[in-house]
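Colleague: My structure is below; once you've seen it, I'll send some questions.
There are 2 protein chains.
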Amino acid sequence: MWVKLSTRGEYGLRAMFDLAQRYGEGPIPLKSIAERQDISEHYLEQLIAILRKAGLVKSVRGAQGGYTLSQEPHEITVGDIIRVLEGPIAPVECLNDDGSENCKHEDTCVTKDIWEKVRDSISDVLDSFTLGDMLERSNKMKQKNKNYMYYI
Amino acid sequence: MWVKLSTRGEYGLRAMFDLAQRYGEGPIPLKSIAERQDISEHYLEQLIAILRKAGLVKSVRGAQGGYTLSQEPHEITVGDIIRVLEGPIAPVECLNDDGSENCKHEDTCVTKDIWEKVRDSISDVLDSFTLGDMLERSNKMKQKNKNYMYYI
DNA sequence: TTATATCATAGTATTTTACTCGGTTTTTGT
DNA sequence: ACAAAAACCGAGTAAAATACTATGATATAA
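Chains A and B, in that order, give the protein sequences.
According to our numbering, the first sequence is numbered sequentially starting from 5.
According to our numbering, the second sequence is numbered sequentially starting from 5.
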């Protein structure tokens, strides 16, 4: 399947949503996120390292340490998270920053603008949703379903 | 990369464009397509088998046989081709026909509608281009660039 | 000083991709 | 009838990507 979120994107988004639900509560240890989301802690470490280097989360080392979102939930889009974890959205090689060098016949390519439109439409959708939107959605779910389940 | 056309989609689209350029000339042998497009003949056989089973091309067996588009170029969209070769566009498992069975908490899922919008926007873009559009585009290129190169 | 954390890197099993290989069957032209 | 040209078919395989595991070092609060 050519459009398929890997576990990097899925787990990373779930971890970020977990942090969004606890925004303002101080640093959240990774262990607790991994347990709640049922993800291998070691693997999640690697993913959150990517998010940290991209500036989406801040870390506090040592005991009582953990992670927090570096901006408010409504300031972080799903696109920010997915692009960082899954890499740039490029259906074909030549849409990458470096990739255009490899392609000598850009100017006469019949399909390039198709892939550009695909890329842009995906980006637009993902950037139209923030973690804040997801929280709101989740809260509405909670009100409706008293059994208190919200999933991602 | 989570949005990445595989060679199946790329080669298949190139083969279909090759057939579109020769539409009306009778059956085109696969060997000639493979040579022009510089694709392994055996591999392309497997891809065109998928296109044939999906009804996008017709085959004529025996000597002087080959393949033809089963509809006019402007009736076949890029989406038709890509969906057949790369499988259904489903960023997450639960958007597949069978996949929803696996997911118990569809009703309370915070992200499902994001992935549905992603899927639909990709589909819309791909369905807005036909092989006929690509031929027109290619012909304009030919007029501008006298050196007669058109690529895909 | 100890427990709790983050941080870092190397290794590995599984899955997917991108083919290759070795044929059989069908049809046309001589 | 026969040879050549072509579609059709299924199994096997090398390389790459994915999804982890393993083993530690470093930092900080209590």
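All C-beta atoms, glycine included, are put in the ideal place defined by N, C-alpha and C.
Could you round the C-beta distance between ARG12/B and GLU90/B to whole angstroms and report it? I think they count as a contact, below 8 Å.
Modeller: For this step, residue 12/B is matched to residue 8 along the second sequence. For this step, residue 90/B is matched to residue 86 along the second sequence. With 8 Å as the limit, ARG12/B and GLU90/B qualify as a contact, their Cβ atoms being about 6 Å apart.
Colleague: Give a yes or no on whether the minimum CB-CB distance between LEU51/B and chain A is below 8 Å.
Modeller: Here residue 51/B refers to the residue found at position 47 of the second sequence. Not one chain A Cβ lies under 8 Å of LEU51/B.
Colleague: Please report the distance separating the alpha-carbon of LEU9/A from that of MET20/A.
Modeller: In the first sequence, counting from the first residue as 1, residue 9/A sits at position 5. In the first sequence, counting from the first residue as 1, residue 20/A sits at position 16. Those two C-alpha atoms are separated by around 16 Å.
Colleague: I want to know whether the stretch 18-32 of chain A touches the stretch 70-79 of chain A - three or more CB-CB distances under 8 Å.
Modeller: Judged by Cβ distances under 8 Å, the stretch 18-32 of chain A makes contact with the stretch 70-79 of chain A, as three or more pairs qualify.
Colleague: Just to confirm the assignment: which complete alpha helix (DSSP H) runs, minimum length 4, are found wholly within the stretch 23-97 of chain A?
Modeller: List check, alpha helix (DSSP H) in window: 34-41, 45-57 and 82-90.
Colleague: Taking 8 Å as the CB-CB cut-off, is ALA94/A touching chain B?
Modeller: In the first sequence, the residue the question calls residue 94/A occupies position 90. For ALA94/A, the answer is yes, since a Cβ of chain B falls inside 8 Å of its Cβ.
Colleague: For a contact defined as C-beta to C-beta under 7 Å, what are the partners of LEU9/A on chain B?
Modeller: Taking the first residue of the first sequence as 1, we reach residue 9/A at position 5. Ordered by position in chain B, the residues that pass the 7 Å Cβ test against LEU9/A are TRP6, PRO95 and VAL96.
Colleague: Hey, how far is the Cα of PRO95/A from the Cα of PHE133/A?
Modeller: The residue labelled residue 95/A in the question sits at position 91 within the first sequence. The residue labelled residue 133/A in the question sits at position 129 within the first sequence. Rounded to whole angstroms, PRO95/A to PHE133/A spans 21 Å at the Cα level.
Colleague: Please state whether DSSP places THR134/B in a helix, a strand or coil.
Modeller: Translated into the one-based positions of the second sequence, residue 134/B becomes position 130. If DSSP states are grouped into helix, strand and coil, THR134/B belongs with the strands.
Colleague: Can you have a look at LYS144/A and say buried or exposed, based on whether 16 or more other CB atoms are within 10 angstroms of its CB?
Modeller: Within the first sequence, residue 144/A is the residue found at index 140, counting from 1. Exposed, by the Cβ-count rule.
Colleague: Taking a contact to mean a Cβ-Cβ separation below 8 Å, would you say ALA3/A touches LEU135/A in this structure?
Modeller: Residue numbering for chain A in the displayed model covers 5 to 156; residue 3/A lies beyond these limits and cannot be assessed.
Colleague: Residues of chain B with a CB under 7 Å from the CB of GLY91/A: which are they?
Modeller: As a working mapping, residue 91/A is identified with position 87 in the first sequence. What GLY91/A touches in chain B: MET5.
Colleague: Pick helix, strand or coil for VAL114/A, following the three-state DSSP scheme.
Modeller: Sequence index remark: in the first sequence, residue 114/A carries index 110 (1-based). Correct three-state label for VAL114/A: coil.
Colleague: Does ASP124/A pass the burial test, meaning 16 or more other C-beta atoms within 10 Å, or should it be called exposed?
Modeller: Translated into the one-based positions of the first sequence, residue 124/A becomes position 120. When all chains shown are included, ASP124/A counts as exposed.
Colleague: Going by Cα to Cα distance, which pick from GLU97/A, VAL61/A, ILE80/A and VAL122/A is closest to ASP137/A?
Modeller: For this step, residue 137/A is matched to residue 133 along the first sequence. Among GLU97/A, VAL61/A, ILE80/A and VAL122/A, the Cα nearest to that of ASP137/A belongs to ILE80/A.
Colleague: So, at 7 Å on beta carbons, what are the nonlocal neighbours of GLY83/A in its own chain, with the 5 sequence-adjacent residues on each side left out?
Modeller: Residue 83/A sits at position 79 when you count from the first residue of the first sequence. Closer than 7 Å at Cβ, skipping near neighbours: SER127, LEU130 and ASP131.
Colleague: So if DSSP puts VAL7/A in a beta bridge, which residue, or which two residues, is it bridged to?
Modeller: Stepping through the first sequence from its first residue, residue 7/A is reached at position 3. Answer is VAL7/B, bridged to VAL7/A.
Colleague: Please tell me whether GLY13/B has its Cβ less than 8 Å away from any Cβ of chain A.
Modeller: The residue you call residue 13/B lines up with position 9 of the second sequence. Chain A contact via Cβ: present.
Colleague: At the level of alpha carbons, what is the spacing between ILE43/B and TYR27/A?
Modeller: Counting from one through the second sequence, the residue named residue 43/B turns up at place 39. Counting from one through the first sequence, the residue named residue 27/A turns up at place 23. Near 53 Å, if we compare the C-alpha coordinates of TYR27/A and ILE43/B.
Colleague: Can you check which of these residues, LYS116/B, VAL61/B, VAL88/B and GLU49/B, is closest to GLY30/B by C-alpha distance?
Modeller: As a first step, residue 30/B is located in the second sequence; it is residue number 26 there, counting from the start. Nearest of LYS116/B, VAL61/B, VAL88/B and GLU49/B to GLY30/B, Cα basis: VAL61/B.
Colleague: Classify ASP124/B as helix, strand or coil using the three-state DSSP reduction.
Modeller: Here residue 124/B refers to the residue found at position 120 of the second sequence. If DSSP states are grouped into helix, strand and coil, ASP124/B belongs with the helices.
Colleague: Determine whether the Cβ of THR112/A lies closer than 8 Å to any Cβ atom of chain B.
Modeller: Numbered from its first residue, the first sequence carries residue 112/A at position 108. Chain B contact via Cβ: present.
Colleague: So, helix, strand or coil for ASN100/B, using DSSP?
Modeller: Counted from its first residue, the second sequence places residue 100/B at position 96. Note: ASN100/B maps to coil in three-state DSSP.
Colleague: Taking Cβ-Cβ distances shorter than 9 Å, what residues in chain B pair up with ARG26/A?
Modeller: As a first step, residue 26/A is located in the first sequence; it is residue number 22 there, counting from the start. None at all; the shortest Cβ gap to chain B is about 15 Å.
Colleague: Between GLU14/B and LEU34/B, which are expected to be in contact by the criterion C-beta below 8 Å, what is the C-beta distance as a whole number of angstroms?
Modeller: Along the second sequence, one-based indexing puts residue 14/B at 10. Along the second sequence, one-based indexing puts residue 34/B at 30. Between LEU34/B and GLU14/B the Cβ distance is about 17 Å, and since that is not below 8 Å, they are no contact.
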